[in-house]
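Student:
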Amino acid sequence: MTDSYLNQYVPLLVHMIVAAGLSAILILLSTFVGNRRPTRAKMQAYECGMRPTGDAREPFSVKFYLVAMLFILFDVEAIFFYPWAYVFRDLQVFGFVEMMVYIGILLVGYLYLWKKGALDWNR
Amino acid sequence: MANEGYLLSVVTFLPLLGSLGLLALRGDDHTWIRRLALATALANFVLSLLLLHGFAAGTPGYQLEELRPWIHWPPINYHLGVDGLSLWLVILTTFLTPIAILCSWESIGHRVKEFFLMLLVLETGMIGVFLSLDLILFFVFWEVMLVPMYFLIGIWGHERRIYAAIKFVLYTMAGSVLMLVAILWLFGLSGASVPGGTFDLPTIQVLLQNGKLQLPHTTELLLFGAFFLAFAIKVPLFPLHTWLPDAHVEAPTAGSVILAGVLLKMGTYGLLRFCLPLFPAASKELAPWVAVLAMIGIVYGALVSMVQPDLKKLIAYSSVSHLGFVVLGIFSFHPVAIQGAIYQMLNHGISTGALFLIAGMLYDRRHTHLIKEFGGLATPMPALSAFFLFVCLSSLGLPMLNGFVGEFLILLGTYQVNKLWATFGALGVILAAVYLLWAYQRVAFGEVTVEKNRVLPDCSPRERLILWPLCVMILWMGIGSPVFLSRTETASQQVIEQMKRPQMPALAGTRGAVPQLRDAPAGAESATAVQQGAGPK
Amino acid sequence: MFPPIQDIYRIAPELVACLFGMLIMVADPFVPRERKGAMGRLGLAGALGALVAVELMSRHAGAAMNGLLVVDSFSVFLHMIIYGAASLVVLASYDYLERENLQQGEFYALLFFATCGMGIMASATELMTVFVGLEISSIASYILACYRRAALKSHESAMKYFLLGSFATAFFLYGVAMVYGATGTTSLVAIRAAAAHATDHHMLLTLGFGMLFVGMAFKIAAAPFQVWTPDVYEGAPTPVTALLASGPKAAAFAVLLRIVFTAFGDASSTWFWIVWISAALTMVVGNFAAVAQSNVKRMLAYSSIAHAGYLLVAVAAAGAAGEESAAGIAAVLFYLVAYALMKVGAFTIVSHLGGSGEQRLEIDDYAGLSTRQPTTAACLALYLLSLLGLPLTAGFLGKVYIFQAALDAKLIWLVVIMAVTTVVGAFYYLRVIWVMYFREAQQDWTPAPVAPGVAAVMFLTAAGILALFFFPGPLMTFAAHSALSLR
Amino acid sequence: MVPSSYYLVLSAVLFGLGVVAFVFKRNIITIFMSIELMLNAVNLAFVTFSQHLGKLNGQVFVFFVIVVAAAEAAVGLAIIILIAKHRQSLNVERVDLLKL
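Chains as they are written, first to last, in my numbering: chain Z, 59 to 181; chain W, 1346 to 1882; chain S, 30 to 516; chain A, 1018 to 1117.
1. Give me, in chain order, the residues of the same chain whose beta-carbon lies closer than 8 Å to that of R221(S); leave out the 5 immediate sequence neighbours on both sides.
2. When the Cα of Y1662(W) is compared with those of F1572(W), L1623(W), M1651(W), which residue comes out closest?
3. Check this for me: beta carbons of G210(S) and L233(S), under 8 Å apart or not?
4. Indicate whether the contact test is met: 3 or more Cβ pairs, each with one atom in the stretch 1800-1815 of chain W and one in the stretch 1392-1404 of chain W, closer than 8 Å.
5. Which residue's Cα is closest to the Cα of P1360(W): F1390(W), R1371(W), H1375(W)?
6. How is Y1780(W) classed by DSSP in three states: helix, strand or coil?
7. In chain order, what residues of the stretch 37-51 of chain S put their CB closer than 9 Å to some CB of chain Z?
8. Considering G493(S), what are the terminal residues of the alpha helix (DSSP H) in which it resides?
9. Quick one: what's got a C-beta closer than 7 Å to V1064(A)'s C-beta in the same chain, skipping five residues either side?
10. Which residue marks the beginning of the beta strand (DSSP E) containing E1410(W), and which one marks its end?
11. Nearest to D1709(W) by alpha carbon, out of H1503(W), S1354(W), E1459(W), L1370(W)?
12. So G383(S) contacts chain A; which residues on that side make the cut at Cβ distance below 8 Å?
13. Is the beta carbon of V1736(W) closer than 8 Å to that of L1700(W)?
14. Quick check: the Cα distance between V145(Z) and L1073(A), rounded to an integer number of angstroms?
15. Rounded to the nearest angstrom, what separates T212(S) and I165(S) at their Cα positions?
16. List the residues of chain W that V429(S) touches, going by C-beta distances under 8 Å, in chain order.
17. For G1971(W), which of L1394(W), W1634(W), I1446(W) has the nearest alpha-carbon?
18. Using a Cβ-Cβ cut-off of less than 9 Å, give me the residues of the stretch 122-153 of chain Z that come near chain A, in sequence order.
19. Starting from G1071(A), follow the alpha helix (DSSP H) in both directions and report where the run begins and ends.
20. Can you list, in chain order, the residues of its chain with a C-beta nearer than 8 Å to that of P1866(W)? Leave out the 5 residues immediately preceding and following it.
21. Give me the Cα-Cα distance between H184(S) and R1379(W), rounded to the nearest whole angstrom.
22. Using a C-beta cutoff of 8 Å, does F191(S) count as contacting chain A?
23. Which partner residues of G91(S) appear in the DSSP bridge assignment?
24. For F129(Z), count the other beta carbons within 10 Å of its own beta carbon; 16 or more makes it buried, fewer makes it exposed. Which is it?
25. Below 6 Å CB to CB, which residues in the same chain sit around A46(S) once its five sequence neighbours on both sides are set aside?
26. Of all Cβ atoms in chain Z, is any one closer than 8 Å to the Cβ of M54(S)?
27. Given that a residue counts as buried once 16 or more other Cβ atoms are within 10 Å of its Cβ, and exposed if not, what is W1813(W)?
28. Just curious, the beta strand (DSSP E) that I1421(W) is in, first and last residue?
29. May I ask you to verify whether the stretch 1404-1415 of chain W touches the stretch 1486-1496 of chain W, counting CB pairs closer than 8 Å and requiring at least 3?
30. If you draw a straight line from the C-alpha of L1567(W) to the C-alpha of L1616(W), how long is it?
31. Please go through the same chain and pick out, in chain order, the residues whose beta-carbon is closer than 7 Å to the beta-carbon of G72(S), but skip the five residues on each side of it.
32. Quick test of your reading: G1646(W) and V1665(W), contact by CB under 8 Å. State the CB separation rounded to the nearest angstrom.
33. Give, in chain order, every residue of the stretch 315-332 of chain S whose Cβ lies closer than 7 Å to some Cβ of chain W.
34. Using a C-beta to C-beta distance shorter than 9 Å, which residues of chain Z count as neighbours of P33(S)?
35. I want to verify the contact list: residues of chain S whose CB lies under 8 Å from the CB of S1088(A), in sequence order.
36. Using a Cβ-Cβ distance cut-off of 8 Å, determine whether L1070(A) contacts chain Z.
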């Protein structure tokens, strides 16, 4: 039964193979057929015409990590809204209060790191 | 179970009270610390003499009992009681403690407060061990003794004190933990016949005797082993004795006196109180082996002490020998021998205590224990040498002195059980004479070899005060033995009684022991008769 | 639709802890630097409030939050341990934070969150709730472990705790998933019911239990999952170590007991041997490794491994006893109390003696302490003797109860191993004592005067240890009662 | 329809990979990622089971796991950054002040 189940994906597989093969052929053609004269300007990283400055991969400041973490946290908390929204009608007021409490707790955290200056970029 | 007064509790906990009083004193106020400690110890001694007054000789069983519930589950009670077996040991303890305090009057210079505190706590522990009739209570006191002894050796001992202290604790703990397991096991078994089980020694004893509680053979062997190991280490029996010389040599004089005088007796006391009455079949089955160990101990101890250059070590090994003698007497299961064993415990406590005291006095003067450092001491210090000789004679069992009575009874009883054992015992006595007299000769007689010794001062009044009571006791126990024996006799016979079981399948293996058991009372009669010239009972 | 008010009472301790945690957390930035002392008072108030809340909770027995939590005497007992230990740690940590000049507010906040998590674990009857509580407590304690931001050791301990802790959590979760797959539920009672006739999933169930046990074994530092303990205990700030040694262990044991006796109560054959082997290993490893230690914190860490082994012996005994499991469980509970008292007291003294920057943690640093600070030395000696299990201390009775339970369950060999390893324990506990009492101090160093908070902790723990020996009756009856409420 | 056993096997494999990586990798970040891998394997198992049993709660559990994993990630990364700042290496074998 599993085979029959997989069979219906064969066209997809064919499509993928074709797509991959086509792009591969194009790239290879351009590399083999086309002739190249590299100049310094050409070798530069393309920055919309701007003159690139510095190295492309220099370490990020820790601030980015910090903000990223905070974002992850507050972003993921939102996950609980979906099941809540799903059963919101059945829960009625109780559900509403619960979610308010939940958001309230999040807000406490938010207030805390605000006051701690975690959101203050130039610190 | 009626509570017959509070005397036992008072005797047990008065020293603890005294140590609390010491806490109140200022640390540098040495004179008052010493005085308070001594006063407490003496008061306790007087109180313990009241035991004699309250104690009815000739009546079997425990007296002056106190029974109070302590912990509901598991049912651990505060149960104290005294009988002929523990009576004299308690008095011995209370008698030796003031002496120990006196002998460390000047020799203990630093941390005086802690020292006497530990000594008094130790006394409470020792008395508690002798008096407690609840297994867990017994174990509690048994373990509690460890801590002060550990500190006594570890803080105020000599060069290698740390090693000695740790060794002492580890040996004792190794034995006692297994004993704890055995106690709990016994408790579990007793649950079969008593709802919820019991730790109460007399109860368990009765259950065993009327067959309500029967131990499977292997179980009994294991339990016996666990108890026996703990006690054999304390005694110490031959292969387990190695902690003793270190502990004795490194301990301060007071520590050695208490160790030799009382702590070692706890092993033999435990054998008499627990191993024999609770596990007779196992005891009888293993008696030959124990006896062999004891005999090895006797000879080995004697030989080693013969070649000891160190006076204190010599005395230490001599106690290995003497206590092997006691164990031999116990495991002959003969009332006379057992009575002798009890008596010999007391003798050893007093004589060896005295020996250690004298060694300590010499140490105070010369700061060495080496025999070759002395020699010809009779000239500068006649009095001390006299005391020394007297104590040596008592320790080697000269008639008219205490040692003789005990040894004679043990030999008499053992002889009726096993001639070979008696022979070895006698050999021990002879060897004791050899090494003690030889040691005495090297220390006291001859020319003064070391110049320093010429000017050594003789006994100070304090030292006389310490030694006189001991010598009086030695003499009195030698000629007035009935006073003591009349109170221990019933106890020693009771041990035999308690070893009886309704039907003894286990005895089949050791029928050899039964006939002696039958004519036991007669033997006891004759024995005491010999002692007191057919005195009245 | 609203939960009955009783439900609020039933989670009152957690609520109080959380509220105070958040309150402190929010208040902290507003309070000016010089008036941080207020945080300590607030923390103490929170701790006491939580204790009161435990009392309140104890009056409303019953299931709460649709059967996610239950308030029975078992959970009340563990709440007592956990919140009591937390309060002691709050008391002890104030001066520590002053000395190391660390942020007061966040410390207490995190401490309260961790405690709240443990509380949830203690009364959870549903595996996902256990998981949530576990994580609340763990995540807070990860941060607490690296609270000394200046100290590299602290980071390292936090890192190891974090990595190994979440590793264990993953195992626990996988176990939950398997059990869920096998029985279709995560409620312990339902699992028991389902397991009775889910014979075709027996394999899956056993595997699931194995995973759950691995997760728990990490938390209680049972061999062979104990490797993290010494490093974490050594590196973490000592008050935190005190908390880690007492609270999470109690909570984890609560969960373990609930799982094995409520969910797998009928299948003790499946887990008995696992526990047996783990117990034996733990005792041996802990005791023998502790002998080699020269650092007090590491030594105590290994000793707490050893004690986890002793507790597991009681668990195994309860499992082997079948219907009469109450004795073993009661022994575990009693021992947990004694153990928490000893460890909190010991680590408090260690943190007091550590001096600024926790410089003095070697056993040799304690030389001559008995003359410098007799009381401190005496208390530490008392804790060590209690850990060793000598009479006159709670540790002795605890061991007696465990021995007895094990003997009733005929676990002779486990008992023998425990006895022998106990003697081994004498080596390292007595070493500290003889250093304190027999050695003269080499360098002239006098420990700082004992701060009031530390003194209070010392007094309370020492008094508790002695009291539990002389009057164990009430606690033991409570423990026995709680044990019965487990099935 | 693919039988749920496939998914279970997959989740088991993922979990195993996570364990192996945890044991053998030396970079803290990688170790941390291996833990995340294990957690996701658990999520897969949960979803599969809830699908198999026709119950919804398994998927709710996944939400819990995800959230907790995120919180753990935050704390973990914070600790890792702390270590990276103090010593210029993320190799666990170099983090050895405390003898393991």
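Think of the CB as a built atom: it goes at the ideal place given N, C-alpha and C, for glycine as much as any other residue. Predicted model only: the values in this text are computed from it and were never measured.
Tutor: In short:
1. T291, A292, F293, G294, D295
2. M1651(W)
3. yes
4. no
5. F1390(W)
6. helix
7. C47, M51
8. 481-499
9. G1075, Q1076, V1079
10. 1408-1416
11. H1503(W)
12. Those do not exist, as G383(S) stays about 16 Å from chain A at its closest Cβ, beyond 8 Å.
13. yes
14. 13 Å
15. 26 Å
16. P1419, I1481, L1525, L1529
17. Absent from the structure is residue 1971(W), since the part of chain W shown begins at 1346 and ends at 1882.
18. Y123, L124, A126, M127, L128, I130, L131, D133, V134, E135, I137, F138, Y140, P141
19. Where G1071(A) is concerned, there is no enclosing alpha helix (DSSP H), given that its DSSP letter is neither H nor E.
20. Because P1866(W) carries a pLDDT of 41, less than 50, the predicted location of this residue cannot be relied on, and the following value inherits that uncertainty. Only P1680, Q1838 meet the Cβ criterion.
21. 54 Å
22. yes
23. V100(S)
24. exposed
25. A79, F141, T144, C145
26. yes
27. exposed
28. 1421-1427
29. no
30. 15 Å
31. I53, V119, Y137
32. 3 Å
33. none
34. Under the 9 Å cutoff, chain Z gives no residues; its nearest Cβ is about 12 Å from P33(S).
35. Checking the sequence, you will find Ala at residue 1088(A) rather than Ser. Near A1088(A) (Cβ distances below 8 Å), the residues of chain S are E164, I168.
36. no
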